[in-house]
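Chains as they are written, first to last, in our numbering: chain A, 1 to 393; chain B, 1 to 273; chain C, 1 to 290.
Encoded as structure tokens, the structure appears first; notes follow it.
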Amino acid sequence: MLVPASEREVWSPLAEAFERAQPRARVELVEGPNSTDLRESLYTATLLAGDDSFDLVLMDVTWAAKFAAAGWLVALDEDFRREELAALLPQALAAGRYAGRLYRLPTRSDVGVLYYRRDWLAEAGHEPPRTFAQLERTARALQRPPQRWGFAWQGAQYEGLVCFFLEVLHGHGGFWVDPATLEVGLDRPESVAALEFLAAARGGQPISPPGVTTYKEEESRRLFQDGRAVFLRNWPYAWRLSQADGSPLVGKVGVQAVVSVSGRPGAGTLGGWGLGVSRFSRQRELAVEFIRHAVSLEGQRALARASGYVPARAEAMADPELLAANPLLATLTSIHQSAAARPALPRYAVASDVLQRGLSAALAGMASAAQALGLAARETRALLSGARPRPGS
Amino acid sequence: MRRVGLALATALLAAWSLAPVAWQLLTAVKPDAQITRTPTVYLPDPPTSRHVTALLARKPMAVYLANSLAVSAVATTLAVGVAALAAAALSRSAAASRDRALLGLLLLALFPPILLLFPLYEGVRALGWVNHLPGLALPYAALNLPLAVWILESGFRQIPRELDEAARLDGLGWLARLARVQAPLAAPSLVTAAILVFIFCWNEFMLALTFMTRDSHKTVTAGIASIGGASIYEIPWGQLSAAVLLATAPLVLLVLVFERRIAGGLTRGAVKG
Amino acid sequence: MSSRTSRLLLLAPAALLVTVVVGLPVLRVLQLSLMRADLDGGISLAWGGLDAYARLWGDARYWTCLRNTAVFTGASVALETALGVAFALVLHQRFHGRGALRALVLLPWALPTAVMALAWAWIFNDSFGVANDLLRRLGVLERPVAWLGEPATAMAVLVLADVWKTTPFVALVVLAGLQGIPEGVLEAARVDGLTAWQRLRHVTLPLLTPALLVAVVFRAIQAYGAFDLVYVITGGGPGGSTETVSLYAFQHYFRYLDFAYGSAVAVQGVLLALLPLALLLRWARRREAR
Chain A
1 MLVPASEREV WSPLAEAFER AQPRARVELV EGPNSTDLRE SLYTATLLAG DDSFDLVLMD
61 VTWAAKFAAA GWLVALDEDF RREELAALLP QALAAGRYAG RLYRLPTRSD VGVLYYRRDW
121 LAEAGHEPPR TFAQLERTAR ALQRPPQRWG FAWQGAQYEG LVCFFLEVLH GHGGFWVDPA
181 TLEVGLDRPE SVAALEFLAA ARGGQPISPP GVTTYKEEES RRLFQDGRAV FLRNWPYAWR
241 LSQADGSPLV GKVGVQAVVS VSGRPGAGTL GGWGLGVSRF SRQRELAVEF IRHAVSLEGQ
301 RALARASGYV PARAEAMADP ELLAANPLLA TLTSIHQSAA ARPALPRYAV ASDVLQRGLS
361 AALAGMASAA QALGLAARET RALLSGARPR PGS
Chain B
1 MRRVGLALAT ALLAAWSLAP VAWQLLTAVK PDAQITRTPT VYLPDPPTSR HVTALLARKP
61 MAVYLANSLA VSAVATTLAV GVAALAAAAL SRSAAASRDR ALLGLLLLAL FPPILLLFPL
121 YEGVRALGWV NHLPGLALPY AALNLPLAVW ILESGFRQIP RELDEAARLD GLGWLARLAR
181 VQAPLAAPSL VTAAILVFIF CWNEFMLALT FMTRDSHKTV TAGIASIGGA SIYEIPWGQL
241 SAAVLLATAP LVLLVLVFER RIAGGLTRGA VKG
Chain C
1 MSSRTSRLLL LAPAALLVTV VVGLPVLRVL QLSLMRADLD GGISLAWGGL DAYARLWGDA
61 RYWTCLRNTA VFTGASVALE TALGVAFALV LHQRFHGRGA LRALVLLPWA LPTAVMALAW
121 AWIFNDSFGV ANDLLRRLGV LERPVAWLGE PATAMAVLVL ADVWKTTPFV ALVVLAGLQG
181 IPEGVLEAAR VDGLTAWQRL RHVTLPLLTP ALLVAVVFRA IQAYGAFDLV YVITGGGPGG
241 STETVSLYAF QHYFRYLDFA YGSAVAVQGV LLALLPLALL LRWARRREAR
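Here's what the structure looks like:
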């Protein structure tokens, strides 16, 4: 299977353990580029050509619907018992379903969270924010631009922007696409308000640096890591790096669920990776066995131990050894309950690109929030008009 | 006055070409913490060889370099060789048919290679050439053929017909004429075309990434793309810069070796004689 | 063996190589552009006729891409040509260390695009980039500029990165052409009393037309098809303002799995690029005849 080169050491122990347990099997980890998009293209090229070089497909949360709709994945419903599936985090598992069948089992989950400088907030007597208004107020009070900014997030034109925007969108009561009815909610007043909040965060009287529209995960994390931001929205991986030896942020960082207008914890966007089996594989049974191994408790512990990432299995989240290494797991369990997945559409990539461009245009000041979202909504409706609503997804 | 102008021009030229490269060099020896510090740290303090050693330990750079060399050398030889034959023929053709041929080649070159990626992949796969040298070398040679032919045709056309006639009257066949008379005179064009094609092959990314998936077969560009950091979001600048420099050094050496040929000047002698 | 037969024989390998390895894929792309790809329980290809092309005409995003590509190509090629000729003229002079300088000048071309693109993105990062830092220190900027966050500056960065990388290509081709100009012609012009500038304009440049043509035409084609640079530095952003035709087609192929439409984008783009190209060639041929 194709793995990002930086994760080779993450998967090796698991692969070796599997090979010991199954003497007939040999797991080949092909190192690919770290860029998610490039790996997606590589998988696409091979699957499109009907190639059997990859038996297992390591998929991002958004690829399952597309690959399944293209007929490249084997349905795995029959191969796993109900108990085995119940042990996995329900949202993560649901992301692997399409048209009512299961195509991907999660091996690792992720959810968007809000980081903040506990020390600065305490020093100024601010409570961690519950609403957008509080977030803005605290950010504005504690920032000293351009040395220190209030709120760092991912605003570049890429999938990460969609992940982040969805949190703000849901927090304002809006929605993108309802996968059951295929209704598009981008041009509702709540949705427009959400985008206006972000656009205001960057323009006019900013709480975010103007360059935030070029930031992806690393740039925004760096800003926070260097002590130049009060709040950061990012994935859990940033926690581990901020608490590593030698980091100036040890003990100074708080993590919580993203905020909402109502004050209740918002819905972080669900991320994560999982495994599926290629239809062209000639080792179907062994591939399924490998997946079984990877989602088992030992497998999940091995993966989480090697990578520091969040496991996709509930028990693993409570595992004492993992908790000791990564105390954040305790908080993440509850945050995960309300994680929101992105709509599982076969044409998700097109819809995402439409939204990305609209958001980016509004953030860069090329269009107003209402205009941008209005256009995006129209394009998305046109896109979905050819599709059929899928029950059970 | 002229000398001052020239000195200034060369200095600017060197600075323009070198600045980003120098930046890469500095990054390759800077400790991680200093790479991403603000305000920008210009000079590493102290310089570290950790990136280079980590890179060499982690990735089989020698293998990648060898693969790149093999693919590029084969593709370049093929492209320039075949192009030389074609250019020799075209330079002696009637203007109308020559222009038609050149235009036809241009038309095919108009297609961005990235968009031919998929059909090429289908073809290469059907022939079983994924992770095999011909799978990359042949497309590279073909994609560069139009450029090579155009450059060489220009060079061949500058050779005075009298020389060619003289050689024919001396009883030399077309191959001998090509090898002993035309090629040496068109040396600057040949070297130019060869260098440009070689560099293209060396640096090509998307096809190399798609057609060579096994580590043992990867070229240097595909290898660099898989240099990992602590997470999939992180870009390991230190190692990346080190890799880029390692990957480019052979090219620079190559050019240095052949740059005398770029100097040319042989044409003048031939015309006077 | 007649000279015509020998000429055809000489042309055969090239024709074969190019027809099979490039021509066939091009035909496949043409074929795909006339199909319709449906993603639903498998990718099915059905005959679509000119549907994809009709769809293109109404596709606002496509026209934006065309405009972006035109701007990028035009700006890049213009700058590269001017700089490339200047570089070639300098490199043609005789002085110490000329060889080393020639190798140096080739460096930008020799560095792999995909990685240098990453470097450029980092250099122009608003908070951490060297560009802002340098400009601030030099007093040119007061506040950091979000280079890649605004449409105009993002395009400027792309053009700069492209010009930096490919000027050596132009320089090298033009240099080879300069070497072909007999010394005698320039001597005669000097004896006739023409100044350096006049010699350049009325003698050198016209004689360089064939080399310039090769450089400009191929650079234009390469800039038009530029992918790696745009993909890595901006990904088409912000707001789709730097999305080029190749990027758009690529997205359709590999992200949307709609390769019928992607092929139509590619073919249509090529057809549209033919027009300026044909004009350029005709102008050049006419000049050469003079």
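A virtual CB, placed ideally from N, CA and C, is assigned to each residue, including glycine.
Its chain contains no residue whose beta carbon lies nearer than 8 Å to that of Arg-100 of chain B once the 5 sequence neighbours on both sides are disregarded. Glu-217 of chain A counts as buried, since no fewer than 16 other beta carbons sit within 10 angstroms of its beta carbon.
Within 8 Å of the CB of Ser-53 of chain A, the CB atoms of chain B belong to Val-130 and Thr-213, in sequence order along the chain. Rounded to whole angstroms, the gap between the alpha carbons of Tyr-43 of chain A and Ser-97 of chain B is 45 Å. Runs of the beta strand (DSSP E) lying entirely within the region 305–344 of chain A, each at least 3 residues long, are absent. Nearest CB-CB separation between Thr-77 of chain B and chain C: not below the 8 Å threshold. When 8 Å is used as the limit between beta carbons, Thr-113 of chain C is near these residues of chain B: Asn-203 and Phe-205, in chain order.
Identification of residues in the region 206–232 of chain A having a C-beta nearer than 9 Å to some C-beta of chain C yields Pro-209, Pro-210, Gly-211, Val-212, Thr-213, Thr-214, Tyr-215, Glu-219, Arg-222, Leu-223, Asp-226 and Arg-228, given in sequence order. For the pair His-252 of chain C and Leu-178 of chain C, the CB atoms are not nearer than the 8 Å cut-off.
The beta carbon of Glu-9 of chain A lies closer than 8 Å to those of Ala-306 in the same chain, with the five residues before and after it left out. Cβ-Cβ distances below 6 Å link Ala-141 of chain B to Ala-75, Leu-78 and Ala-79 in the same chain, with the five nearest sequence neighbours on each side left out; the list follows chain order. Nearest to Met-206 of chain B by C-alpha distance, out of C:Leu-279, C:Leu-172, C:Ala-223 and C:Ala-114, is C:Ala-114. A distance below 7 Å between beta-carbons, with the five flanking residues on each side excluded, links Thr-244 of chain C to the following residues of its chain, in chain order: Cys-65, Asn-68, Thr-69, Phe-72, Ala-226 and Val-230. Listed in chain order, the positions of the region 25–37 of chain A with a beta carbon within less than 8 Å of a beta carbon of chain B are Val-30, Glu-31, Gly-32, Pro-33, Asn-34, Ser-35 and Thr-36.
DSSP places Ala-186 of chain B outside any alpha helix (DSSP H), giving it a letter other than H or E. Between Leu-135 of chain A and Phe-151 of chain A, the CB-CB gap stays under 8 Å. Counting of Cβ neighbours within 10 angstroms places Thr-242 of chain C among the buried residues, the total reaching 16 or more.
Ile-221 of chain C reaches chain B at Ala-109 and Leu-110, counting residues in chain order whose Cβ is nearer than 7 Å.
When C-beta atoms of the region 143–150 of chain B are compared with those of the region 252–263 of chain C, fewer than three pairs fall below 8 Å, so the two segments do not count as touching.
For Leu-272 of chain C, the closest of C:Leu-11, C:Tyr-62, C:Ser-44 and C:Leu-8 by C-alpha to C-alpha distance is C:Tyr-62. Taking 8 Å as the cut-off, the Cβ atoms of Thr-269 of chain A and Gly-112 of chain A count as close. Within the same chain, Ser-44 come within 6 Å of Asp-38 of chain C by CB-CB distance, once the 5 residues on both sides are set aside. For the C-beta of Val-173 of chain C, the chain B residues within less than 7 Å are, from N- to C-terminus, Ile-151 and Thr-192. Beta-bridge partners assigned by DSSP to Asn-234 of chain A: A:Val-113. Cβ proximity to chain A below 7 Å picks out Ile-43 from the region 43–64 of chain C. Within 7 Å of the CB of Ala-146 of chain C, the CB atoms of chain A belong to Pro-210, Gly-211, Thr-213 and Thr-214, in sequence order along the chain. Sequence-ordered contacts of the region 206–233 of chain C with chain A are nonexistent [C-beta pairs closer than 8 Å]. With contacts defined by Cβ atoms closer than 8 Å, Ser-72 of chain B and Pro-108 of chain C do not form a contacting pair.
With respect to Ser-49 of chain B, Phe-156 of chain B sits apart: the two C-beta atoms are not nearer than 8 Å. Take Ala-86 of chain B, set aside five residues on each side of it, and the residues of its chain with a beta-carbon closer than 6 Å to its own are Val-149, in chain order. Val-177 of chain A and Arg-378 of chain A have their C-alpha atoms spaced approximately 12 Å apart. If you check each beta-carbon in the region 121–148 of chain A against every beta-carbon of chain C, the ones closer than 7 Å belong to Pro-146. The beta carbons of Leu-383 of chain A and Ala-351 of chain A sit closer together than 8 Å. For Leu-32 of chain C and Ala-12 of chain C, the gap between their C-alpha atoms comes out near 28 Å.
Per the Cβ contact rule, the region 155–168 of chain C is not in contact with the region 154–173 of chain B (fewer than 3 Cβ pairs under 8 Å).
Contact annotation for Gln-251 of chain C against chain A: Ala-349, Val-350 and Asp-353 [CB-CB distance below 9 Å, chain order].
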